[in-house]
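Throughout, our numbering is defined as the position within the sequence shown, counted from one, plus 13. Each residue gets a CB set at the ideal place from its N, CA and C atoms; glycine is no exception.
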Amino acid sequence: MRPFRFRAEVVLGLRQKQEEAARDTVSRCQAALDQAQHARSERRAALARAANEAAAAQQQGLDAWQLSWHRNWIHKQQRDLDASQQAIAAAETALAQAMAALNLARQKTRVMERLKSRAAQRYQLEVTREDNRTMDAFAAIRYAARQREGDARDD
14 MRPFRFRAEV
24 VLGLRQKQEE
34 AARDTVSRCQ
44 AALDQAQHAR
54 SERRAALARA
64 ANEAAAAQQQ
74 GLDAWQLSWH
84 RNWIHKQQRD
94 LDASQQAIAA
104 AETALAQAMA
114 ALNLARQKTR
124 VMERLKSRAA
134 QRYQLEVTRE
144 DNRTMDAFAA
154 IRYAARQREG
164 DARDD
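Written out as structure tokens, the structure is:
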């Protein structure tokens, strides 16, 4: 009997490559999210420092232009923090989409792997049946030969 060959092996390989690409995409999205969260932490710290510096400067007494500068600086820090929040939201959305794509790719790969497994089981069952038929045929030939020997002795 011919050796086992899964006809859709090319498709299975393609599905595995797609799953690996999806896994890489998830990895990149997770790294981008981590980076955005780190940037948010830095911006929060910068905002806190700006507020502390403004408070310390107010304690010493400020000119109007210095007070205006600190307010604008704090406002800029707040805008940067808001931008980092938006970047995190975008990264979380991208990560969710990448995870959905990975789950779909994983599912498609598992389907092909199950098909291959079932085809291998059917092949193995057919090999076993063919072996049994061959053994039965040999047993029938041996039985017939013994019967002829026994008939030949009786004569």
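In the three-state reduction of the DSSP assignment, D149 falls in the helix class, which pools H, G and I. Rounded to the nearest angstrom, the gap between the Cα atoms of S54 and R20 is 53 Å. Here DSSP, grouped into helix, strand and coil, assigns D144 to helix. Contact check for M125 and V39: beta-carbon distance about 20 Å, past the 8 Å limit, so the pair fails to qualify. Assigned with DSSP and collapsed to three states, D47 falls in helix. Going by C-alpha positions, Q90 is about 5 Å away from L60. Our two residues, Q79 and A34, have alpha carbons roughly 53 Å apart in a direct line. When Cβ pairs closer than 8 Å are counted between the two stretches, the region 63-75 is seen not to touch the region 112-123, the count staying below three.
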